[in-house]
Amino acid sequence: MKRAIVTGISGQDGSYLAELLLSLGYEVHGIVRRNSPATHRLIDHLLAAPELDRRRLYLHSIDLQNVPALTDLFASVLPDEVYHLAGQSHVGLSFGDPVATCEFTAMGTLRMLEVARSCKSAPRLLHTSSSEIFGAPSQVPQDEATPHNPVSPYGVAKSFATNMVRIYRESFEQFTCNAICFNHESPRRRRTFVTRKITQAAARIKLGLESKLALGNVDAQRDWGYAPDYVRGFHALLQQDEPTDCVFATGRLHRVRDWLEIAFGYLDLDWEDYVVFDPQFTRKADPALLVGSTERARVRLDWSPSVSFESMVVQMVEHDLQIQRVRRAS
Ligand code: G4F
């Protein structure tokens with residue numbers, strides 16, 4: 000039985016990854032924050048799952064700054080694979096607290112690399128990097144060789160972490176990989192991201208629970224994919240014979256207004272009747288033309304996205320409609 004350690008297991012990607020690894024027969028050890036709530040909504044269903052799965056899923060409350068505790072965990076679990084997904088994931092918030100962002104995202108990754116390197120038998124390690132490392136990119140689309148040019152503290156922190164992962168691979172001969180992820184969404188996305196904010200608001204407006212949606216730049220463009228597809232790619236990347244970095248994306252750009260048109264349109268609403276501009280949701284700098292080339296993922300991993308943009312938006316709207324109906328009824 001393979002053993003995996005997953006940081007950020009209670010988030011969108013972590014919960015899908017835990018499901019995948021358990022379905023493949025792994026023993027999964029999730030690291031959760033000491034101060035985070037006792038319940039972890041997105042993995043509650045796994046913790047309550049039949050006996051076999053429950054005995055293969057363990058949660059450990061460890062602060063990612065606590066190197067001795069991490070070292071002890073690695074020594075007792077002896078993981079085959081480590082998926083480092085945790086980090087401060089809000090680009091907008093990173094402008095408000097660059098120090099915390101770098102501490103958690105940049106230094107947090109470096110500590111994980113060191114802990115893994117100190118193991119007698121070093122595990123394979125995957126770090127979820129981000130398209131934000133490209134910021135104002137010198138080429139479109141971006142691939143694994145595109146120079147980094149971040150425009151946010153978050154992007155700088157991710158660029159540092161991404162380069163460290165490469166250095167541990169090239170100089171310390173560790174099996175370390177970057178999954179360079181473009182935006183990826185699902186019904187498990189947090190509501191602080193524009194996609195879920197839109198699908199939830201559309202559902203609430205349809206049910207008469209809300210009347211307005213305040214947004215920043217609706218012309219912002221991103222390459223938006225479906226989170227479970229990307230998580231499938233994370234696992235495939237660590238199964239390769241040789242470690243490498245890999246872009247996960249769809250290769251297609253959409254605007255925030257496309258989300259509005261599909262989400263509101265699906266509910267027979269005209270988004271322009273409800274959406275108002277609020278400058279607090281704009282960024283000091285926002286990348287343009289971030290769109291990924293997935294040639295390496297296709298060729299080496301036989302990976303491709305399985306869900307279209309339109310069906311992902313509709314799936315999220317339907318999910319939010321269902322949740323809001325239940326809330327309204329209770
Ligand atoms: O949904 P977002 O906040 O995602 P963002 O900033 O692209 O970051 C996400 O994707 C990155 C790449 O994978 C990850 F590294 C990162 O951790 C995170 O998962 O914003 C998307 C776009 C931006 O251009 C933003 O300016 O939507 C624009 N936007 C417009 N109005 C808004 C809003 N974003 C948010 N969060 N809220 C708004 O009201």
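Position 157, counted from 1, in the sequence shown is what numbering that gives the first Met the number 0 calls 156; the numbers after and before it change by one each time, with no gaps.
Think of the CB as a built atom: it goes at the ideal place given N, C-alpha and C, for glycine as much as any other residue.
As the structure is a prediction and not an experimental result, all values here were calculated from the model.
Limits of the alpha helix (DSSP H) - the one that residue i falls within
i, result
"G264", "V255 to Y265"
"A226", "A226 to L237"
"T281", "Looking at the DSSP string, T281 is not in any alpha helix (DSSP H), and its letter there is neither H nor E."
"V139", "Taken as a continuous stretch (DSSP letters only), V139 belongs to no alpha helix (DSSP H), as it is neither H nor E."
"L112", "G107 to R116"
"T100", "P97 to T100"
Same chain, Cβ closer than 8 angstroms to residue i, five either side skipped, listed in chain order
i, result
"D240", "none"
"T100", "Q87, L92, S93, P152, Y153 and A156"
"A200", "E209, L212 and Y273"
"P149", "E131, I132, F133, G134, V155, K157 and S158"
"L206", "L320, Q323, R324 and R327"
Span of the beta strand (DSSP E), counted from its first residue to its last, around residue i
i, result
"L214", "L212 to L214"
"R123", "R123 to S129"
"L23", "First-last for L23: undefined, no H or E at that position."
"A178", "T175 to C180"
"R2", "R2 to T6"
"H44", "Run containing H44: none in the beta strand (DSSP E); it sits in the alpha helix (DSSP H), D43 to L46."
"V81", "E80 to H83"
Helix, strand or coil at residue i [DSSP, three-state]
i, result
"H89", "coil"
"Q321", "helix"
"R338", "Nothing can be reported for residue 338, as the shown portion of the chain is limited to 0 through 329."
"F247", "strand"
"Q11", "helix"
"N65", "coil"
"Y153", "helix"
"E18", "helix"
"G29", "strand"
"G291", "strand"
"S158", "helix"
"S310", "helix"
"L206", "coil"
"E241", "coil"
"E184", "strand"
"R221", "strand"
"Y57", "strand"
Length of the line joining the Cα atoms of residue i and residue j
i, j, result
"L259", "Y265", "10 angstroms"
"Y273", "N177", "40 angstroms"
"R231", "A3", "15 angstroms"
"D267", "T194", "18 angstroms"
"D52", "S22", "9 angstroms"
"L92", "S129", "16 angstroms"
"F94", "L45", "35 angstroms"
"S120", "P136", "38 angstroms"
"Q11", "E184", "8 angstroms"
"S210", "M0", "52 angstroms"
"T6", "D96", "22 angstroms"
"A262", "E309", "9 angstroms"
"P186", "D319", "8 angstroms"
"L208", "V217", "23 angstroms"
"R40", "T161", "29 angstroms"
"M163", "L112", "8 angstroms"
"S307", "D71", "43 angstroms"
"V81", "G24", "16 angstroms"
"P242", "T145", "18 angstroms"
"A202", "R123", "42 angstroms"
"D257", "L20", "33 angstroms"
"F171", "L125", "15 angstroms"
"R188", "D285", "20 angstroms"
"V275", "G215", "9 angstroms"
Other residues of its chain near residue i: CB distance less than 7 angstroms, five sequence neighbours each side excluded
i, result
"H147", "I132, F133 and S158"
Same chain, Cβ closer than 6 angstroms to residue i, neighbours up to 5 away in sequence not counted
i, result
"L58", "G29 and V31"
"V313", "Y265"
"L288", "V139"
"C118", "F73"
"A68", "I61"
"A105", "A156, F159 and A160"
"G107", "L63"
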